[in-house]
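Position one of the sequence shown corresponds to residue 0 (numbering that gives the first Met the number 0), numbered consecutively onward. Glycine included, C-beta positions come from ideal geometry on N, C-alpha and C. None of the values given here were measured: they were computed from a predicted structure. One structure below.
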Amino acid sequence: MSFLLNKISFIACVLIGLLLSACEQQAEPVTQPASPYLNHSDTAKYVGISTCKLCHQSIYESFIQTGMGRSIGLAGREKSSADFSKAAVYDDLKDLHYTAFFREENMYMLECRLNAGDTVHSLLNKVNYIIGSGQHTNSHLLLSGQYLSQMPMTFYTQKRTWDLPPGFENGVNTRFSRKIGLECMTCHNAYPEFVKGSENKYTAIPEGIDCERCHGPGSIHVAQRSAGSKIDTSKYIDYSIVNPSKLPIDLQFDICQRCHLQGNTILKEGKSFYDFKPGQKLSDVMTVFLPKYEGAEDEFIMASHADRLKQSQCFITSFEKASGSTELKPYKNALTCITCHNPHVSVKATRSEVFDQACLNCHGTKEQMSVEHKQVKMFSTENCFSCHMPVSGSTDIPHVSVHDHYIRKPVGPAEKQKIKTFIGLYAINEKNPEPLVRAKAYLNQYDKFEQKSLYLDSARYWLGKCGQGASTFQVQIQLSFTEGNPNAIQQLVKKTGEEKIYKEWAITPGYDNAWAWTCYRIGESFVQTGQNTGALNWFKKAVELAPFQLDFRNKLGNALANKHSIPEAMAQFSFILKENPAYASAYSNLGYLYLVEGNPGKAESLFKTGLKLDPDNESLLLNLASLHLQKNDKEGAKTYLQRVIKLNKNNASAKAALKQIENRP
């Protein structure tokens with residue numbers, strides 16, 4: 000049974016009323032009843048799509064053909080939408096060739112490097128999952144042990160072409176090591192079984208977004224129906240499970256916004272990507288920010304449907320401002336996602352007349368519209384969305400075009416040539432986020448998206464408006480770490496007190512490993528100031544909180560080695576390789592310790608295994624150079640050092656070693 004079923008919390012809203020009587024005495028607090036939906040309780044369990052289809056077969060058959068139903072699956076021929084006749088990509092900045100192919104029923108991806116026509120590097124990996132419905136892309140995922148990562152080839156179905164995945168371009172090809180964490184997986188799939196204390200370790204991965212992502216956990220509903228309980232849903236709401244069409248408009252919208260509002264997502268205190276359930280307010284769990292620019296109204300990212308729709312006059316005028324407030328309240332027939340989209344039916348299977356009719360419900364008949372559109376040739380054969388929701392590329396994914404959900408009159412060329420001016424980060428699903436949430440958002444924007452100093456300035460500004468406490472401390476540490484200020488980190492730790500930090504605050508590991516990251520950043524500050532004991536202590540705490548975050552464990556191994564605790568260090572690196580055999584740096588570190596311990600044969604074997612996984616790993620290349628020097632093989636050492644310098648001309652260690660070899664008699 001999935002661990003998450005016991006962890007998703009029940010959100011009850013408690014309203015404390017301050018009621019004054021004639022004698023100004025405070026009345027007793029008034030508690031608002033909990034959600035009427037039984038599946039909001041933490042006793043409700045997820046049952047899976049196979050259970051749902053037992054009673055809802057026709058809906059199931061239709062839904063599994065939608066983009067959601069086909070969002071991820073095992074990498075078989077049936078799942079792939081790709082053309083394998085030209086399945087080749089060359090990354091000229093990394094000098095790496097990629098090809099993809101099927102061998103019997105298994106899909107593989109081959110990475111090669113050539114030198115004068117000879118293959119000098121070759122790495123073959125089996126593809127485990129294909130992510131993407133095939134309407135726009137197929138990307139590919141690799142499992143190493145139970146650790147999930149993205150692979151360096153994507154098929155772009157609209158243009159029938161292969162290329163590097165989004166974010167792998169411009170010299171930042173991470174090859175087979177980009178971690179697929181919960182934020183990604185919980186939008187592109189049904190809820191997986193995730194191992195706490197990791198970033199990308201899973202014990203079970205479903206195949207496709209399922210019914211319960213929009214309807215909530217189904218166990219109570221199934222139990223009631225199995226017991227013979229019946230409800231006339233034409234007259235009454237079935238509160239054993241959420242029917243989104245019965246929700247208030249804003250809560251309907253939140254279900255779609257959970258995944259169709261991609262951006263800079265900040266989780267609320269104590270929340271995870273598992274915690275939102277249909278029928279709840281999304282802003283109680285997370286706030287999604289996007290950078291806004293004046294003069295960039297035509298630019299948008301792929302999954303920005305909710306944000307773009309909210310900018311449309313059609314959406315705005317379907318809501319009214321409540322009297323005496325700035326809050327928008329919907330009219331009875333307000334425009335929402337399901338005005339145009341039936342989530343149980345594929346867009347490909349939906350006739351254009353369905354979308355047109357959604358427009359005509361407010362704008363009159365097609366004949367009336369044709370009079371207003373006299374300048375549009377052959378209006379009677381056109382549809383509304385081709386002009387008012389034009390197809391456009393997105394700023395984050397190449398080779399892909401989508402309908403812009405910002406519904407408006409066609410934009411002229413002059414409007415598209417405005418100068419972009421940054422306005423700020425805007426919370427799309429929450430009106431007034433707290434200062435700490437805003438501070439996290441600006442810091443996250445810098446760390447994950449754009450390294451612009453103005454984001455750090457804004458993070459510092461909002462931090463100044465926060466009270467003191469555990470969460471503020473975390474963000475202060477992260478800001479100082481990002482700014483490269485180890486002394487500020489240590490001063491903050493000293494001022495706060497180690498006992499308070501670890502014993503009182505960092506006691507409950509979360510899905511996001513937030514406290515483990517804080518301990519790691521403190522440890523790094525001690526590394527940077529040459530204090531090995533401090534570094535070791537804090538890395539131990541990071542690993543204690545996140546034992547399957549292998550980067551932390553790798554740091555701990557290095558700190559142990561620096562303290563000459565060789566057996567303990569070797570144990571850390573061995574643990575990493577047992578968990579994830581594709582973790583190249585651990586081969587370098589473990590091999591180095593074997594070299595120190597006088598076992599050059601074992602060291603060389605580890606170095607070469609690691610180098611096969613990562614041919615550009617500078618640590619592995621330097622260690623192999625050192626090994627060859629020990630064997631008095633100067634030419635072999637020079638070969639590896641020259642490879643390092645070719646990769647990184649500023650590597651001082653390689654340059655000094657090469658100069659020393661060349662000056663030897």
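- Counting C-beta pairs with one atom in each stretch, the stretch 93 to 112 and the stretch 40 to 55 have fewer than three that are closer than 8 Å, which means they do not touch.
- Between P277 and I254, the C-beta gap is smaller than 9 Å, which places the two residues in contact.
- Distance between I204 and E211, taken at the CA atoms: about 15 Å.
- Taking a contact as a CB-CB distance under 8 Å, the pair N431 and N263 does not count as one, their CB atoms being some 17 Å apart.
- In the three-state DSSP reduction, T481 falls in the helix class (H, G or I).
- Taken through DSSP and simplified to helix, strand or coil, N105 comes out as strand.
- Per the Cβ contact rule, the stretch 342 to 360 is not in contact with the stretch 278 to 288 (fewer than 3 Cβ pairs under 8 Å).
- Each of G144, D283, C258, Q629 was checked against the Cα of E603, and the nearest Cα belongs to Q629.
- Per DSSP, reduced to three states, the secondary structure at N114 is strand.
- Collapsing the DSSP output to three states places K493 in a helix.
- DSSP, read as helix, strand or coil, puts M67 in coil.
- If you ignore the 5 residues before and after Q571, its C-beta comes within less than 7 Å of the C-beta of R552, L555, G556, L559, all in its own chain and listed in chain order.
- One Cα belongs to V410, the other to I422, and the distance between them is close to 21 Å.
- Under the DSSP assignment, N622 falls outside any beta strand (DSSP E), being part of the alpha helix (DSSP H) whose first and last residues are 617 to 629.
- Linking K645 to N172 through their CA atoms gives a straight-line distance of about 17 Å.
- Here D231 is exposed: its Cβ has fewer than 16 other Cβ atoms, across all protein chains shown, within 10 Å.
- The continuous alpha helix (DSSP H) containing M569 extends over residues 565 to 578.
- Per the C-alpha coordinates, the member of A426, R112, K502, S303 positioned closest to F288 is A426.
- Beta-bridge pairing by DSSP links N124 to M108.
- As a beta-bridge residue in DSSP terms, N137 pairs with F154.
- Straight across, the Cα-Cα distance linking I179 with C54 is about 34 Å.
- Residue state for D237 is assigned as coil, using DSSP reduced to three classes.
- Under DSSP, Q149 takes part in a beta bridge, and its partners are L140, R177.
- Secondary structure of H55 (DSSP, three-state): coil.
- Counting only residues of its own chain and dropping the five nearest sequence neighbours on each side, E182 has a CB closer than 7 Å to the CB of T264, F272.
- Among the bridge pairs identified by DSSP, V390 is matched with H402.
- Between A651 and L640, the C-beta spacing is not below 9 Å.
- Under the three-state reduction of DSSP, K200 is assigned to strand.
- Contact between the stretch 507 to 522 and the stretch 156 to 176 is absent: fewer than 3 CB-CB pairs across the two stretches fall below 8 Å.
- DSSP places G423 inside the beta strand (DSSP E), whose first and last residues are 420 to 426.
- Each of E482, Y460, A487, D297 was checked against the Cα of D403, and the nearest Cα belongs to D297.
- For Y59, same chain residues with a beta-carbon under 6 Å away, outside a window of 5 residues either side, are K52 in chain order.
- The three-state reading of DSSP puts E211 in helix, counting H, G and I together.
- E523 sits in a helix when the DSSP states are folded into three classes.
- Burial is judged here by how many other beta carbons sit within 10 angstroms of a residue's own beta carbon; P290 has at least 16 and is buried.
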